Every structure is written in structure tokens, then in C-alpha cells.
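Peer 1: Everything in the sequence shown is counted per my numbering, starting at 2 for the first residue and increasing by one. Don't be surprised by glycine CBs; every beta carbon is placed ideally from N, CA and C. In this text, all values refer to a predicted model and were calculated from it rather than measured experimentally. Okay, here's the structure, questions in a sec.
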Amino acid sequence: MNEPTKTDFVPRWARNATPEFLESLAETPVTGSAPLEWPRIVTRILPSSGSSSLGANTVSEVIELTQKLANYAAYDAVRGINPDFADMRSMGAELLAFSRLTIEPFEEGSFVIPARFESPDLIENDERESAISAERIANRFGNIFEDVGSQNASASISIGALQTIQQLNRTLNREASAIEFSTFDRYERRSGFQRVDTAFVKRVDSVVKNRQPSVLKMESLRGNVTALDIEKGELRLSVSTQKDRVKGTFPMMLHPTILESLGREIEVYGRVSFKNGRPESISIQQADILDSE
2 MNEPTKTDFV
12 PRWARNATPE
22 FLESLAETPV
32 TGSAPLEWPR
42 IVTRILPSSG
52 SSSLGANTVS
62 EVIELTQKLA
72 NYAAYDAVRG
82 INPDFADMRS
92 MGAELLAFSR
102 LTIEPFEEGS
112 FVIPARFESP
122 DLIENDERES
132 AISAERIANR
142 FGNIFEDVGS
152 QNASASISIG
162 ALQTIQQLNR
172 TLNREASAIE
182 FSTFDRYERR
192 SGFQRVDTAF
202 VKRVDSVVKN
212 RQPSVLKMES
222 LRGNVTALDI
232 EKGELRLSVS
242 TQKDRVKGTF
252 PMMLHPTILE
262 SLGREIEVYG
272 RVSFKNGRPE
282 SISIQQADIL
292 DSE
């Protein structure tokens, strides 16, 4: 058997083509469908004060909060927007898996964190079966930030998503001057860009406060959360002015803040019941963590 030989085969139409035709062909864009990629969220952390490094806790915290915000975006995309939604435990394992981000390799010498949604389309078994693409999560992720500046922000963003953005302020106070989010569709086209800095977080603070009853009409207590029952919505607050702890109750919309406050100093606002001139219990309507930097 003869040994195979390699030849530079050129089809007849190319051999017979004029130089002008070949030149025009080279300038013709590729036709057909572009190969599909995963929808992406790319996060960029900008270190403050010209620094070229970040603490490991800062990077991990931003990744964690990005995933958390993607979960809320998935809930909005699949179940519809619920301004009072905050309890991710009620999302279900399927929806949490659908919104799971996979971190891609970092580029050397940068704090750009690419992450993709690898989940197949989610099939909703309603009256008519419909497939929901993870691309809708990426779109909703970007819309959450855009809606902060709208007049309808209080009704178009879940309280859980708003409080997650507020939690990014710890990173901004500690090491970063800004955090940028870019979303990309399956064709690797950028579909959104948002920059989160202290000014943006202040706008989010305003949206959250507009959803709360006026704190001027409520009592406030400052102390440390030393016990917590998230199922019952109850806590125990240790205050410096007395030995006995204050019993507290809180609504579901405050779950993220209350969970984060365990063992930390917090200021809570609400209706306070007194016994012998000392606070005995409080029905919490608003909560602010004081040692968030």
C-alpha cells in the first residue's frame, strides 16, 4: 500500500476565480448562526486608593453576593417580581440550581471575575409548557440595577435583592472604590453594564427607606443579636442598659439583614413594649447593622 501524501487541494471554483472575486469573498462576513455560548455575568472589582491587591475575604464576599443577587434575579424571571420576597429557602432546589453561577478562570493580574450559567433551560409545567432560558436570569440581573433609578423602584425590586446590594457597601468601605457588573447573552454580546459605588448604594438606601414606615414614629434600640429563630421570626437582643435581653419579632423581608446581624451590633426600629420603664419586647420594622465596615 502506498504511503498517503499530503496535498494542498484547491477546489475548481477557487482555482478559476478572479483575484477580485477572492478579495470580495475575504471581506464577506461569515453567514449562518453564531455558535451559542453560556450567558454570563462578569464582575470587576476596582481596588481603592490605587491599590493593586485585595483581601481574600473581599473577593469571596463579592462572589457570594453576586450569586445571591443572581438567585433573586432567577426568582423574578421565573416566578415574577414580588417586592416583598426575601426568603431564598422558599425558592426550591430546582430554581437555585438553575441560577447557579460557575466561576471561570480569572485573567492574570486582574480582579475580573467571569461566571457563567451552565444550566439547561428550565421547563415550567403550567397550563402550557414553556422553556425558560438562563439568559433571562442575566437580563433580570441587569434590570435590577437599572430599576433602582426608576420611580417605581419600590415595587419593581424585591427587598431581598435591594438588601443584597446594600451588603456590597462593606466591600466599598473596606477595599474597593467600585464594583462593575457586565452581563452577556449566548452570542457573547454585552447586554448590560452597571457600576456600583457608594453613591449608587445611597440610592438603594433611599429606595429601602421609602418602603419602611417612618422611623420618626418608632422607638429604636441598639444592641447585639445573641439568639435567633429564623423560622419563627424571633430574636433576643442584648442591650447595654439592662441585664435582661429584649425579645424581638421581625417580618420575612428582614431575613437577610437579621441573619447577617447575629452576634453583631445592630440598631432596630419598631413598636417597643416596656415593663417597669425598661424595654421588654420590640416588633421590628427596620434594622441597620452598625459594624458593617
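Which one or two residues does DSSP pair with residue 266 in a beta bridge?
Peer 2: BP columns for residue 266 point to 225.
Peer 1: Could you check where the alpha helix (DSSP H) with residue 135 kicks off and where it finishes?
Peer 2: Premise fails: residue 135 is in no alpha helix (DSSP H) and is neither H nor E.
Peer 1: Between the stretch 41-56 and the stretch 164-180, can you find at least three pairs of beta-carbon atoms closer than 8 Å?
Peer 2: Yes: at least three Cβ pairs fall under 8 Å.
Peer 1: Note down, in chain order, each residue of its chain lying with its Cβ closer than 8 Å to the Cβ of residue 261, except the 5 sequence neighbours on either side.
Peer 2: Once the five neighbours on either side are set aside, the close Cβ partners of residue 261 are 168, 290.
Peer 1: Taking just the CA atoms, how far does residue 152 sit from residue 216?
Peer 2: Low per-residue confidence applies at residue 216: pLDDT is 45, beneath 50, and the placement is therefore not dependable enough to give any value.
Peer 1: For a quick check, are the C-beta atoms of residue 283 and residue 249 less than 8 Å apart?
Peer 2: Closer than 8 Å, so yes.
Peer 1: Give me whichever residues DSSP pairs with residue 142 in a beta bridge.
Peer 2: Per DSSP, none; premise fails for residue 142.
Peer 1: Helix or strand or just coil, what does DSSP make of residue 164?
Peer 2: Helix.
Peer 1: Using 8 Å for Cβ pairs, my map puts residue 191 next to residue 116. What's the rounded Cβ distance?
Peer 2: About 15 Å; that fails the 8 Å criterion.
Peer 1: Residue 303 and residue 158: beta carbons closer than 8 Å?
Peer 2: The requested residue 303 is not part of the displayed model; the chain covers only 2 to 294.
Peer 1: Sort out for me which residues DSSP pairs residue 86 with in a bridge.
Peer 2: BP columns for residue 86 are empty, so no partner.
Peer 1: Could you give the DSSP three-state label for residue 187: helix, strand or coil?
Peer 2: Reduced to three states, the DSSP call for residue 187 is coil.
Peer 1: Kindly list the residues whose CB is nearer than 6 Å to the CB of residue 236, restricted to its own chain and excluding five residues on each side of it in sequence; keep chain order.
Peer 2: These residues qualify, in order along the chain: 226, 229, 249.
Peer 1: Using beta-carbon positions only, say whether residue 180 and residue 205 come within less than 8 Å of one another.
Peer 2: No; because the gap between Cβ atoms is not below 8 Å, this pair is not in contact.
Peer 1: Short check: CB of residue 67 to CB of residue 103, under 8 Å?
Peer 2: No, the pair does not count as a contact, with Cβ atoms beyond the cut-off.
Peer 1: Is it buried or exposed, residue 279, if we count other Cβ atoms within 10 angstroms and call 16 or more buried?
Peer 2: Label assigned to residue 279: exposed.
Peer 1: Residue 189: which of 39, 243, 19, 17 sits nearest, CA to CA?
Peer 2: Considering only alpha carbons, the answer is 39.
Peer 1: Going by DSSP, name the residue or residues bridged to residue 289.
Peer 2: Bridge partners of residue 289: 268.
Peer 1: Under 8 Å by Cβ, that's how I've got residue 96 and residue 73 pegged, so tell me the actual separation to the nearest angstrom.
Peer 2: Their Cβ separation, rounded to whole angstroms, is 11 Å, which puts residue 96 and residue 73 out of contact at 8 Å.
Peer 1: Does DSSP put residue 148 in a helix, a strand or coil?
Peer 2: In the structure shown, residue 148 sits in a helix (DSSP, three-state: H, G or I).
Peer 1: Pull up the distance between the alpha-carbon of residue 271 and that of residue 70, whole angstroms please.
Peer 2: Their Cα atoms are separated by approximately 28 Å.
Peer 1: Pull the bridge partners of residue 220 from the DSSP assignment, please.
Peer 2: Paired residue(s): 271.
Peer 1: Who does residue 56 pair with in a DSSP beta bridge?
Peer 2: Looking at the DSSP assignment, residue 56 forms no beta bridge with any residue, so it has no partner.
Peer 1: Please report the straight-line C-alpha distance between residue 64 and residue 107, rounded to a whole angstrom.
Peer 2: Those two C-alpha atoms are separated by around 12 Å.
Peer 1: Where residue 55 and residue 210 are concerned, what is the direct C-alpha to C-alpha distance, given to the nearest angstrom?
Peer 2: Looking at the two C-alpha atoms, the distance is approximately 31 Å.
Peer 1: Taking 8 Å as the cut-off, decide whether the C-beta atoms of residue 269 and residue 222 are in contact.
Peer 2: Cβ atoms of residue 269 and residue 222: closer than 8 Å.
Peer 1: What does DSSP give as the partner residues of residue 123 in its beta bridges?
Peer 2: BP columns for residue 123 point to 133.
Peer 1: Quick one: is residue 275 buried, meaning 16 or more other Cβ sit within 10 Å of its Cβ, or exposed?
Peer 2: Under this definition residue 275 is an exposed residue.
Peer 1: Excluding five sequence neighbours on each side, which residues of the same chain lie with their C-beta closer than 8 Å to the C-beta of residue 232?
Peer 2: Once the five neighbours on either side are set aside, residue 232 has no close Cβ partner at all.
Peer 1: Using three-state DSSP, classify residue 18 as helix, strand or coil.
Peer 2: Three-state result, residue 18: coil.
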